[in-house]
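With numbering that gives the first Met the number 0, letter number 74 in the sequence shown gets 73, and the count goes up by one each step, no holes. From the three backbone atoms N, C-alpha and C, an ideal C-beta is built for every residue, glycine too.
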Amino acid sequence: MNKALSLYRELHEAGVSCFSWTLGSEKAATIELKGAYALFVDFDNITSAAEEAAVIAHEYGHIATGTTHRVCSPYDLVERHEHRANKWAIEKLLPRDELYALYADGLTQP
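Given below as structure tokens:
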């Protein structure tokens, strides 16, 4: 199954609303209001299925780790939240056991 589609299904099942939206130069954004989440995606800024999966996984990471923040948040807080969302996305798209299995099979380069 397409990774992005699988992520959208999980988000839907978790009660997250997803919208196609024009976001200027941004690819996606997640908004939290009183414990409810909405994910906005600008498909004009996404060039491939792999990029879409990475973008959606990153935004899902903000939701799963509770790392949304105000636009006016201090830079260090934003960076910590972005790091946690990225880490979650990487582990979601390529779980450690799969990574280790690929490495054991000799795959050491992309």
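Residue i, enclosing beta strand (DSSP E) - first and last residue
i: S19; result: S16 to S19
Span of the alpha helix (DSSP H) around residue i
i: S72; result: Looking at the DSSP string, S72 is not in any alpha helix (DSSP H), and its letter there is neither H nor E.
i: A13; result: A13 -> no alpha helix (DSSP H), and no H or E assigned at all.
i: L114; result: This structure does not reach residue 114, given that the chain is present from 0 up to 109, and the question cannot be answered.
Closest by C-alpha distance to residue i, when choosing among the options
i: R79; options: H61, V40, A28 and F42; result: H61
i: R8; options: K26, L38 and Q108; result: L38
i: L115; options: H82, A28, A49 and A27; result: This structure cannot settle anything about residue 115, because the visible part of the chain is limited to 0 through 109.
i: K33; options: H68, T107 and D104; result: H68
Whole-angstrom distance between residue j and residue i, CA atom to CA atom
i: L76; j: G65; result: 13 Å
i: L101; j: A88; result: 18 Å
i: A35; j: G14; result: 8 Å
i: L10; j: L93; result: 18 Å
i: N1; j: L22; result: 24 Å
i: V54; j: I30; result: 15 Å
i: I45; j: K26; result: 6 Å
Cβ distance (whole Å) where residue i is taken to contact residue j below 8 Å
i: D41; j: W20; result: 6 Å
i: A52; j: L98; result: Contact flag wrong, Cβ pair sits at about 16 Å.
Report task. Can you check the region 23 to 69 for any beta strand (DSSP E) of at least 3 residues that lies completely inside it and give the ranges in chain order? Result -> 27 to 32 and 35 to 40
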